[in-house]
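All residue numbers in the sequence shown are consecutive under this note's numbering, ending with 717.
The beta-carbon is built from N, C-alpha and C at its ideal position, and this holds for glycine as well.
Just so you know, these numbers come straight off a predicted model, no measurement behind them.
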Amino acid sequence: MIRTLTTGLALAALMGSAAFAETFDVKMLNKGADGERMVFEPAFVQAAPGDTIRFLATDKGHNAEINKGMLPEGAEAFSGKINEEYEVTLDAEGVYGVICKPHYAMGMVMTIAVGDVAAPDAFLEGRVPRKAKERFEAQLGNL
């Protein structure tokens, strides 16, 4: 009995936070609940390391991919295909900028914050379309 309990506790310790990881569903939409066009819903997710983001192809013509330069150091870039559900598990702490490539200029962006982080100074550097920049700025206000 004691050996079984000890083995169970050791296994639970090895699994660590993976046992408590969450999955967040994000819809890719032509029109959001607030009437905005070309959106991820929700547009901001606060996650923990090891959590999974599942991008749902709710409306056709969308994908989810990391925007170059908008991912934490040591994190791997990702890119889903158009019209397909895509799932990514995020282990590196930091702020991730996600875009729908076909609708980036129309502002179809989202922000994922993994861990207790602040907005990076250089997050919006480079060429970011006006509408996308406005939405990123609003999303970063959640940090």
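Under a 10 Å Cβ-count criterion, A617 is classified as buried, with 16 or more other Cβ atoms of the shown protein chains found around its own Cβ. Per the C-alpha coordinates, the member of D633, D690 and H677 positioned closest to V702 is H677. DSSP links D625 through a beta bridge to L664. G648 has its alpha-carbon roughly 10 Å from the corresponding atom of D665. The C-beta distance from V662 to T626 rounds to 7 Å, short enough to meet the 8 Å contact threshold. Per DSSP, R611 is one residue of the beta strand (DSSP E) stretching across R611 to E615. DSSP places A712 in the helix class (H, G or I) of the three-state scheme. V683 is bridged by DSSP to I673. Between A693 and the set E667, K705 and A706, the nearest pair of CA atoms involves E667.
Looking at the DSSP output, F594 sits in no beta bridge, so it has no partner there.
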